[in-house]
Structure formats: C-alpha cells, structure tokens
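Engineer:
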DNA sequence: TTTTTTATAATTGTCGACAATCCAATGCTT
DNA sequence: AAGCATTGGATTGTCGACAATTATAAAAAA
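Residue numbers (the UniProt record's numbering), protein chains in the order written: chain E, 1 to 228; chain C, 1 to 228.
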C-alpha cells in the first residue's frame with residue numbers, strides 16, 4: 001500500500017452524510033422541511049442506524065434542528081441567524097489570520113498564492129459563473145484556517161460552521177461587483193500574512209467577511225419583501 | 001402542565017452521556033483509555049445504540065477521539081492541547097463579554113451579582129474546598145456566555161469546549177492564591193459589563209483566562225517532570 | 001361552537017443479531 | 001532468524017423488529 005493513501009474506511013453513514021448535507025446546502029431539500037427518518041432511509045436505501053449517525057452530525061453543524069421524540073427539521077435561513085453566524089465568523093477567522101501570520105510556512109503561503117493565481121485564470125475563463133467563485137472562496141478561507149494550526153479552531157470553522165455559511169451563500173448567492181472584488185481582498189490578506197502582519201490580516205479578513213455579510217443581508221431583505 | 005416545565009424527554013442516551021462525560025471529566029475513566037463499546041454497554045446496562053449516540057456527542061466535545069473501525073480513546077491532556085484550547089477560549093469569551101455588555105438586561109446583571117455574593121458566602125464557609133470554586137467559576141462564565149445572546153457562540157462554548165476546560169481544571173486543579181483572586185476578577189468583569197464597557201470587560205476576561213491557563217500550565221509541567 | 005378527551009397512527013428510541021473490518025498471534029517461506 | 005502471508009479473535013458498522021412516546025384527528029362533553 002502506498003504511503004499517500006490513508007486507509008480511512010468510508011462508511012455508509014459517511015456517504016449518506018455527504019449526500020444529505022449537499023442536498024440541504026444546495027437547497028434540494030428546502031429550508032424548514034420536516035425530516036422523516038423512514039422516508040430518508042428508503043430514499044437513500046439504507047437502514048436507520050447509519051442515517052441517525054448522519055443526522056447527529058448534521059445537527060452538529062447546525063443544518064438541522066432536532067427535538068427529542070419529535071423529529072428534526074432543516075434549519076431556516078434568517079437575518080438574525082446570518083448576523084449571529086457571521087459575528088462569530090469574523091472573530092474566528094480574524095483569529096485564524098493572526099495565527100496564520102505566525103505559523104504558516106513559506107511553502108504554505110506559496111501554495112495559497114498559486115491557488116489564487118489558478119482561481120484568477122479559471123475565473124477569466126468562466127466569467128460570471130458564481131459556483132467557481134464560491135468554491136474558490138471557500139478554498140482560500142479553508143487554507144488560511146488550516147494555516148492557524150489550531151486544531152480546535154480548524155474543527156469549529158471547517159467542520160461545524162462552514163456548511164451553514166455555504167448554505168447562506170449558495171442559496172442567497174453572490175452577486176454584482178463582490179465577485180470580482182473578493183480576489184483582490186484575498187490577495188491583500190495573503191500579502192499581510194506573508195509580511196507576518198497578523199493585525200492587518202485580521203482587519204482585512206474582518207472587512208472581507210463583513211462585506212460578504214452585507215451582500216447576503218441585502219439578498220435576504222429583497223427576497224423577504226418581494227414575494228411575501 | 002405548567003409553563004415552566006419543558007417537556008423534554010430524557011432518553012437513555014442522555015443519561016449515559018452525562019454519566020460517561022462526568023466519569024471522563026473527573027478522571028474516573030483515565031485519560032488515554034481505550035473505549036470498548038461492548039464493555040461500556042455492559043457497565044451501564046444498555047444497548048449499543050444509545051451508547052453510540054452518546055459517544056458521538058462525546059467526540060463532539062473533544063473528550064474522546066474516534067477513528068473509523070478502530071474504536072475510540074479518551075483524550076490525553078497536554079500542554080499544546082491546553083494552549084490551543086485556551087487560545088480559543090480567550091477569544092470567544094472575550095467576544096462574549098463585548099456582546100454581553102451590549103445585550104444583557106439590568107436584571108441579567110443583577111442576577112449575576114447575586115450569584116457572586118452567594119459564591120462569596122459559600123466560599124467563606126467551605127474555605128479551601130476547590131470544588132465549589134470550580135462550580136462557581138463555571139457558573140459565572142456560563143452566565144456571561146448566555147448574556148452574549150448569540151446562539152452559535154453559546155453552543156460552542158458551553159456545549160463543546162467547556163467540558164474539556166473543566167477536565168483540565170478538575171484533573172489539574174486550581175491551587176494557591178488564584179482561588180481567592182478569581183472572585184475579584186469576576187466582580188471587575190461584571191462591573192465593566194454593567195457599565196456597558198465591552199472593551200474593558202473583554203480585556204479583563206482575557207487576562208482572567210490567561211491567568212487560569214498559566215496556573216494549569218504550571219501544574220502540567222510539575223506533574224510531567226516529577227514522576228516520569 | 002369550543003374545549004376536552006380519547007383512540008389511532010406514525011415517528012422516534014432501543015434492542016439483539018449479523019456482516020464487514022481491523023488487530024494480533026501463529027506458521028510458513030526465504 | 002527475519003520478513004511476510006494467514007488465520008483467529010475481537011470490535012465496529014449495519015440491519016430489521018419491537019417498545020415507548022408523541023402528534024393527529026375524531027368523538028364526546030360543556
């Protein structure tokens with residue numbers, strides 16, 4: 001066996017977790033839907049045991065809300081929820097930036113820069129397709145988070161909060177000039193990290209996230225007032 | 001039915017979760033122990049289904065570490081772990097203080113002050129018994145965290161990080177003059193919150209937590225060098 | 001008509017058994 | 001004797017069925 005391939009057994013619970021998770025994030029299972037264990041078990045063709053394991057993890061990342069003996073519902077997107085979530089995100093990713101400026105190696109930084117260049121080229125090709133921007137943005141933030149080298153911080157941000165963040169972004173979308181500006185902001189952040197200026201990276205990251213929040217907030221307000 | 005009593009069915013998984021969790025935090029199940037599902041099922045006299053649910057939640061609050069198809073182990077306490085954990089705690093509870101200064105009602109604040117007075121009297125009676133100090137401290141921090149009124153922040157701190165924090169504190173203990181100083185620091189923090197001075201409350205809380213960390217660090221170092 | 005009660009149905013929580021996977025010890029080959 | 005394949009034991013993952021609880025809706029009483 002090669003040294004590169006870790007033998008982590010992919011279990012049925014893992015598979016169905018990924019399936020349901022993306023279904024919720026992408027909106028295939030609409031927000032607010034009641035979750036029925038027997039129905040999902042039939043739909044994904046497995047027993048309830050691994051399904052419940054998957055549901056437990058979905059609850060962990062705030063994509064569903066469970067009440068004992070009463071079932072689970074897909075979380076609803078709201079302005080208050082968005083603000084609470086992004087309040088935390090600003091703080092945590094700001095911290096991640098300060099730590100990344102301290103702990104990232106030169107090679108780590110070089111890799112992120114290569115990543116950004118790659119994003120730029122693919123974005124020029126696929127102009128306007130927001131999905132690639134979405135994936136690229138997540139990827140950039142993920143790298144910085146890993147760069148903090150704090151396992152608890154990494155766990156909270158990438159395993160718990162980020163799927164909900166993606167849900168807001170996918171369902172309410174990035175639009176307008178933000179898509180193109182994000183690249184420059186990413187560049188500025190990695191530059192600050194490369195200069196080992198944690199405070200600046202922190203500040204830039206907070207502004208970056210705050211701008212993103214305002215963008216989604218507007219979408220939420222427009223959507224809320226238009227057809228209701 | 002009265003309006004005060006929420007009908008949340010206590011399930012078997014909840015019970016065994018509390019039992020095992022306290023057993024780990026108090027050290028009855030030593031750090032680093034291999035977890036055997038059949039053994040624990042016999043010991044707590046229930047099936048493996050609710051036990052696995054409990055283990056999943058224990059993993060969530062970082063008290064055990066699982067690898068698929070290979071079982072789970074109780075987490076080991078280490079200096080690096082402590083630093084990573086408290087780094088996050090400083091940041092998050094600092095944020096909690098800023099938000100609490102903004103969102104706590106006058107009544108909330110009055111209740112916390114009553115709590116502190118109560119702690120002071122019980123501490124005078126039970127001088128030296130660190131357990132009460134431990135419980136009182138947790139209680140104080142818990143109140144401030146709730147005062148932030150940010151559900152995600154509350155969840156992360158009180159449901160995920162705090163049991164591990166307690167494990168460090170219970171197993172490595174509070175000692176010396178810190179026990180008595182903590183009261184004054186708590187007082188200062190709630191005063192700052194009452195004055196709606198979030199920045200000061202933030203600063204004081206960070207110092208408070210940093211002091212606690214240094215205290216536990218020393219215990220860890222002494223223990224590590226003495227009998228090894 | 002409104003409220004309370006009751007019974008039915010569906011859902012969740014739990015159980016014991018089976019299947020798949022991994023760890024350790026043993027025996028075989030070089 | 002050292003390294004590697006193999007087998008045995010134990011553990012985890014999964015399944016289908018049962019028990020307990022809750023929500024729904026119909027029926028009875030105010």
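Where is the CB? At the ideal position from N, CA and C, for every residue including glycine.
None of these values were measured; they are calculated from a predicted model.
By the three-class DSSP mapping on this structure, what secondary structure does residue 246 of chain C have?
Structural biologist: Given a span of 1 to 228 for chain C in the structure shown, any question on residue 246 of chain C remains unanswerable.
Engineer: What does a CB cutoff of less than 6 Å around residue 58 of chain C pick up in its chain, not counting 5 residues either side in sequence?
Structural biologist: So the qualifying residues of the chain are 64.
Engineer: Classify residue 215 of chain E as buried or exposed, calling it buried when 16 or more other Cβ atoms lie within 10 Å of its own Cβ.
Structural biologist: Residue 215 of chain E should be labelled buried.
Engineer: For residue 150 of chain E, which residues of its own chain have a beta-carbon under 7 Å away from its beta-carbon, when the five flanking residues on both sides are left out?
Structural biologist: A distance below 7 Å between beta-carbons, with the five flanking residues on each side excluded, links residue 150 of chain E to the following residues of its chain, in chain order: 99.
Engineer: Could you tell me the distance, in whole angstroms, from the CA atom of residue 74 of chain E to the CA atom of residue 33 of chain E?
Structural biologist: 5 Å
Engineer: Would you verify that the beta carbon of residue 223 of chain E is, or is not, closer than 9 Å to some beta carbon of chain C?
Structural biologist: no
Engineer: Contact criterion: CB-CB distance below 9 Å. Does residue 99 of chain C meet it with respect to chain E?
Structural biologist: yes
Engineer: Would you please verify whether the beta carbon of residue 210 of chain E is less than 9 Å from any beta carbon of chain C?
Structural biologist: no
Engineer: Check each candidate in E/153, E/157 and E/171 and name the one with the smallest Cα separation from residue 223 of chain E.
Structural biologist: E/171
Engineer: Mind listing which residues of the segment 80-108 of chain E have their C-beta closer than 7 Å to chain C's C-betas, in chain order?
Structural biologist: 84, 85, 87, 88, 91 and 95
Engineer: Skipping 5 residues on each side, what residues in its chain have a beta carbon closer than 7 Å to that of residue 232 of chain C?
Structural biologist: Residue 232 of chain C lies beyond the stretch modelled for chain C, which goes from 1 to 228, so this question has no answer here.
Engineer: Mark residue 273 of chain C as exposed unless 16 or more other C-beta atoms lie within 10 angstroms of its C-beta, in which case mark it buried.
Structural biologist: Lying before the first or after the last residue shown, residue 273 of chain C is absent from chain C, which here runs from 1 to 228.
Engineer: Sort out for me which residues DSSP pairs residue 72 of chain C with in a bridge.
Structural biologist: C/35 and C/66
Engineer: Which of the three DSSP states is assigned to residue 205 of chain C in this structure?
Structural biologist: helix
Engineer: So what does DSSP say about residue 187 of chain C, is it helix, strand or coil?
Structural biologist: helix
Engineer: Three-state secondary structure (DSSP) at residue 92 of chain C?
Structural biologist: helix
Engineer: Let me know if residue 16 of chain C comes out buried or exposed under the rule of 16 or more other beta-carbons within 10 Å of its beta-carbon.
Structural biologist: Buried, by the Cβ-count rule.
Engineer: What does a CB cutoff of less than 6 Å around residue 219 of chain E pick up in its chain, not counting 5 residues either side in sequence?
Structural biologist: 172
Engineer: Compare the Cα-Cα distances from residue 204 of chain C to each of C/122, C/217, C/91 and C/118 and report the closest residue.
Structural biologist: C/91
Engineer: Can you tell me whether DSSP reads residue 6 of chain E as helix, strand or coil?
Structural biologist: Note that residue 6 of chain E scores 44 on pLDDT, short of 50, meaning its location in the model is unreliable and no value can be drawn from it.
Engineer: With distances taken between CB atoms, is the gap from residue 24 of chain E to residue 174 of chain E smaller than 9 Å?
Structural biologist: Going by C-beta atoms, residue 24 of chain E is not nearer than 9 Å to residue 174 of chain E.
Engineer: For residue 9 of chain C, go through chain E and note every residue whose CB falls closer than 7 Å to its CB, in chain order.
Structural biologist: 68 and 69
Engineer: Residue 232 of chain E: which of E/212, E/95, E/30 and E/169 sits nearest, CA to CA?
Structural biologist: Outside the shown range of chain E, which is 1 to 228, sits residue 232 of chain E, and nothing can be said about it.
Engineer: Over what stretch of residues does the alpha helix (DSSP H) that includes residue 22 of chain C continue unbroken?
Structural biologist: 12-26
Engineer: Would residue 152 of chain E and residue 88 of chain C be called neighbours here (beta carbons separated by less than 9 Å)?
Structural biologist: yes
Engineer: Note down the Cα distance separating residue 108 of chain E from residue 102 of chain E, rounded to an integer number of angstroms.
Structural biologist: 12 Å
Engineer: Buried or exposed for residue 212 of chain C, going by 16 or more other Cβ atoms inside 10 Å?
Structural biologist: buried
Engineer: When burial is assigned at 16 or more other CB atoms within 10 Å of the CB, is residue 165 of chain E buried or exposed?
Structural biologist: Buried is the call here.
Engineer: I need the straight-line Cα distance from residue 139 of chain C to residue 77 of chain C, nearest angstrom please.
Structural biologist: 23 Å
Engineer: One question on the structure: do residue 46 of chain E and residue 37 of chain E come within less than 9 Å of each other, judged by their Cβ atoms?
Structural biologist: no
Engineer: So which residues of chain E does residue 190 of chain C contact, with C-beta pairs closer than 7 Å?
Structural biologist: Going along chain E, no residue has its Cβ under 7 Å from residue 190 of chain C, so there is no contact; the nearest lies around 22 Å.
Engineer: I'd like the list of long-range same chain contacts for residue 196 of chain C, defined as Cβ closer than 6 Å, with 5 residues on each side in sequence excluded.
Structural biologist: 101
Engineer: Quick one: what's got a C-beta closer than 7 Å to residue 113 of chain C's C-beta in the same chain, skipping five residues either side?
Structural biologist: Here the set comprises 190.
Engineer: Can you list the residues of chain C that residue 153 of chain E reaches, using a CB-CB cut of under 7 Å?
Structural biologist: 88
Engineer: Looking at chain E, is there any beta carbon in it that lies within less than 9 Å of the beta carbon of residue 215 of chain C?
Structural biologist: no
Engineer: Could you check what DSSP says for residue 150 of chain E in three-state terms: helix, strand or coil?
Structural biologist: coil
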